[in-house]
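Residue numbers (the working numbering): 93 to 236.
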């Protein structure tokens with residue numbers, strides 16, 4: 093990473109995001125501190141995919157532009173595992189992990205994610221079907 097990219101990552105920037113149906117929209121001002129790909133069973137269940145892809149920040153200010161009433165919060169009993177999602181389309185949305193930490197699902201941003209993933213977490217729980225993805229054919233759109 094060059095000096096200019098490093099400085100952009102540290103500066104205060106505005107980001108926008110939304111859900112799939114467009115009912116919920118938000119803006120974020122600040123910077124991201126971390127980006128993790130979590131392979132735990134809970135993130136697999138919550139995303140229906142191989143892993144969760146979440147950005148974390150102590151510095152972002154979250155402003156809901158519309159649809160805050162459409163948000164549903166869920167916390168798994170006896171755990172720190174939380175989710176926030178649109179009640180209409182199910183898209184994961186940002187939420188406060190605690191008073192200092194904001195979690196932003198990377199896929200809900202309407203702009204490019206400004207930092208690369210820093211680590212893969214809970215690899216002992218990684219789904220076996222994800223181990224050979226480099227050998228799976230790829231297409232630019234749904235194959236015919």
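Yeah, the Cβ is synthetic: ideal placement off N, Cα and C, and Gly gets one too. These numbers were taken from a predicted model, which means no experiment stands behind them.
For the beta strand (DSSP E) that contains residue 144, what are its first and last residues?
If you look at residue 144, you'll find it in the beta strand (DSSP E) that goes 144-149.
Given a cut-off of 8 Å on the beta-carbon distance, is the pair residue 219 and residue 142 in contact?
Yes, they are a contact pair.
Just mark residue 150 as buried or exposed, buried being the case when its beta carbon has 16 or more other beta carbons within 10 Å.
Residue 150 is exposed by the Cβ-count criterion.
Alpha carbon to alpha carbon, what distance is there between residue 186 and residue 107?
Rounded to the nearest whole angstrom, the CA to CA distance from residue 107 to residue 186 is 12 Å.
Rank 170, 163, 154 by C-alpha distance to the C-alpha of residue 134 and give the top, closest one.
Here the closest residue by C-alpha is 170.
Here's the rule: buried if 16 or more other CB atoms are within 10 angstroms of the residue's CB, otherwise exposed. What is residue 94?
Confidence in residue 94 is poor, its pLDDT being 49 and thus under 50, which makes the residue's placement unreliable; the coordinate value appears in the next sentence. With fewer than 16 other beta carbons inside 10 angstroms of its own, residue 94 counts as exposed.
Inspect the CB distances between the region 151-158 and the region 200-214 and report whether three or more fall short of 8 Å.
No, the region 151-158 does not touch the region 200-214.
Which partner residues does residue 106 have in the DSSP bridge list?
Note: residue 106 sits in a beta bridge opposite 121.
What does the alpha-carbon distance come out to for the pair residue 128 and residue 112?
Using only the alpha carbons, I get a separation of about 22 Å.
Distance between beta carbons of residue 148 and residue 166, contact taken as under 8 Å
Rounded, the Cβ-Cβ distance is 19 Å, inconsistent with contact.
If you draw a straight line from the C-alpha of residue 192 to the C-alpha of residue 199, how long is it?
Inter-residue distance for residue 192 and residue 199 is about 22 Å (C-alpha atoms, whole angstroms).
Distance, residue 104 Cα to residue 138 Cα:
Here the alpha carbons of residue 104 and residue 138 stand approximately 30 Å from one another.
Span separating the alpha-carbon of residue 157 from that of residue 140
Cα to Cα, residue 157 sits roughly 27 Å from residue 140.
Where residue 225 falls, given that 16 or more other Cβ within 10 Å makes a residue buried:
Burial is judged here by how many other beta carbons sit within 10 angstroms of a residue's own beta carbon; residue 225 has fewer than 16 and is exposed.
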